[in-house]
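Okay, so here's the structure we're looking at.
Number of protein chains: 2
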Amino acid sequence: MKQIEAVASLTALAHDSRLAAFRLLVQAGPDGLAVGEIGQRLKLPGATLNSHLNVLRRAGLVRDTREGRSIRCRADYARMDALLAFLTENCCGNDTASCTPACTPTRRKRP
Amino acid sequence: MKQIEAVASLTALAHDSRLAAFRLLVQAGPDGLAVGEIGQRLKLPGATLNSHLNVLRRAGLVRDTREGRSIRCRADYARMDALLAFLTENCCGNDTASCTPACTPTRRKRP
DNA sequence: AATATATTTCTATAATTCCGGAATTATGAA
DNA sequence: TTCATAATTCCGGAATTATAGAAATATATT
């Protein structure tokens, strides 16, 4: 991931409503949520929500597909992971001695 | 980590110069870098750099200690990790079946 | 076709952030 | 104390972003 893309992603997430919307989608999983559903949960006017979703879309963090007259949004996990990797890239100059446990994130357990 | 803290951290990182500075510190490791050193590497005027560092400090992502007339900055790894954890929290509703490998970030291996 | 629902685009106002020169503060050296 | 270096604060104009009403578009239903 390029720095310019990382900044776009971080900018997209750096807002109360957008971060809330993105986390809803992350937690919703592969099924995602319809735009209207997000709006109901966050209690946002349509135009406001849409402009925020557009920021997340441009950043590549949210994808969507039309389903009838609804539009279903999903978090792009690969994009999110690329962003997290970018932040910790070459942490401590890859000197594992000084890097652990200092900058080793506590990660979810793999099943 | 609270949402409001996450937004502050993301806002801090959502800028070209600030992200570059933070990554320099992440990669520098426990020794960190002096303010002036960061300024030289990023070629930023003092006032500009300082205002950016203040944003990172307020967000809790950068700590510093005075050393003589220099001030040495360090990335706060715990804070960074908390932010990454916040983003992926309860991913896919913790349904590991749908969550792997979709939203399992590839992170650095533990040594 | 006519109507209802879902979402988006357009638009304007309000609010916030960015930048860096100049002045100021802090520390160490002569 | 005087001087030099390092870093910070102050300030205000320029640029960007946020918000949401109204109008427009897309799809489904009758």
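First to last, the protein sequences are chains A and B.
Taking numbering that gives the first Met the number 0, the leading residue of the first sequence gets 0, the next gets one more, and so forth.
Taking numbering that gives the first Met the number 0, the leading residue of the second sequence gets 0, the next gets one more, and so forth.
Don't be surprised by glycine CBs; every beta carbon is placed ideally from N, CA and C.
- In the three-state reduction of the DSSP assignment, A/Leu32 falls in the strand class, which pools E and B.
- Contact note: A/Ser97 reaches chain B through Gly28 and Pro29, using a C-beta cutoff of 8 Å and chain order.
- The three-state secondary structure of A/Glu4, taken from DSSP, is helix.
- Counted as a single uninterrupted DSSP element, the beta strand (DSSP E) harbouring B/Arg62 occupies residues Val61 to Glu66.
- DSSP, reduced to helix, strand and coil, places A/Ala11 within a helical segment of the structure shown.
- Of the residues assessed, B/Ile37 falls on the buried side of the cut-off, its CB having 16 or more other CB atoms within 10 angstroms.
- When beta bridges are read from the DSSP output, A/Ile70 appears opposite A/Arg65.
- For B/Cys72, the nearest beta carbon of chain A is not closer than 8 Å to its own beta carbon.
- A/Ala20 sits in a helix when the DSSP states are folded into three classes.
- DSSP places B/Gly92 in no alpha helix (DSSP H); its state is neither H nor E.
- In the three-state reduction of the DSSP assignment, A/Thr99 falls in the coil class, being assigned neither a helical nor a strand state.
- Distance from the CA of B/Ala20 to the CA of B/Leu41, rounded to the nearest whole angstrom, comes to 8 Å.
- Within a 10 Å sphere around the beta-carbon of A/Gly31 sit 16 or more other beta-carbons, which makes this residue buried.
- Between the region 81 to 92 of chain A and the region 2 to 18 of chain A, the count of C-beta pairs closer than 8 Å reaches three or more; the two stretches touch.
- In the three-state reduction of the DSSP assignment, A/Asp80 falls in the helix class, which pools H, G and I.
- Ranking B/Leu55, B/Gly45 and B/Cys98 by CA distance to the CA of A/Ala74 puts B/Cys98 first.
- For B/Ala46, the uninterrupted alpha helix (DSSP H) segment begins and ends at Gly45 to Arg57.
- Taking 8 Å as the threshold, the shortest C-beta distance from A/Asp15 to chain B falls below it.
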